[in-house]
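One structure is given here, and the rest of the page talks about it.
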Amino acid sequence: MSDIDARLAELGLDIPDLVPPVAAYVPAMIHGDLVYTAGQLPFISGVLPATGKVGEGHGLVPAADAKEYAKTAVLNALAAVKSAIGSLDRVTQIVKVTGFVASDPSFSGQPGVINGASETLVEIFGDAGRHARSAVGVSVLPLDAPVEVEIIVAFR
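Each residue of the sequence shown is one higher than the one before, starting from 17 at the first, in our numbering.
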């Protein structure tokens with residue numbers, strides 16, 4: 017068992033199977049010693065656990081749920097990284113996280129939602145999981161997903 021696999025088991029986390037692209041792109045691209053992932057939705061076994069805009073009120077996705085979906089999305093991003101480089105033990109640094117939150121116009125808690133992804137990366141990789149980040153509110157995401165996450169990862 018690799019070091020990262022052991023850490024994932026300790027945290028009770030699994031890297032899911034790679035989510036196949038839903039359009040004309042590849043899940044991850046290597047350039048030099050960096051892996052760039054495509055935006056990853058919070059698919060669980062090929063299904064989005066929720067759809068719609070994040071916010072407070074009837075018919076909206078609660079921010080706490082969206083934070084969990086950001087965690088799921090970043091695990092899908094790690095699956096894309098793993099497919100590109102073979103093992104997450106090769107990761108030397110999470111360089112950048114960009115998180116998109118489909119937001120109700122009154123919602124301004126995007127950073128808290130994307131913390132679901134950021135905190136998960138630090139739990140898994142320790143200091144190598146610390147990263148630069150953008151958390152952006154958008155009007156709609158593909159398939160009406162509440163969140164989307166992409167990452168840039170350095171590896172050896």
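Where is the CB? At the ideal position from N, CA and C, for every residue including glycine. Bear in mind the structure is a predicted one, so any value in this text is a computation, not a measurement.
| query | result |
| --- | --- |
| Heavy atom of the ligand FAD within 8 Å of Glu164 beta-carbon | Among the components modelled here there is no ligand, and therefore nothing to report on the ligand FAD. |
| Cα-Cα separation between Thr67 and Val156, rounded to whole angstroms | 10 Å |
| Identity of the residues DSSP links to Val152 by a beta bridge | Phe116 |
| Coarse secondary structure for Phe123, derived from DSSP in three states | coil |
| Candidates Asp21, Asp30, His47: closest to Arg172 by CA position | His47 |
| Every unbroken beta strand (DSSP E) within the stretch 47-127, with a cutoff of 3 residues, ordered by chain | 50-53, 107-118 |
| Reduced DSSP secondary structure (H/G/I, E/B, other) of Ala39 | coil |
| Residue(s) in a DSSP beta bridge with Phe141 | According to DSSP, Phe141 bridges with nothing at all. |
| Beta-carbon gap between Ala161 and Tyr85 smaller than 9 Å | yes |
| Counted within 10 angstroms of its Cβ, other Cβ atoms place Pro43 as buried (16 or more) or exposed | buried |
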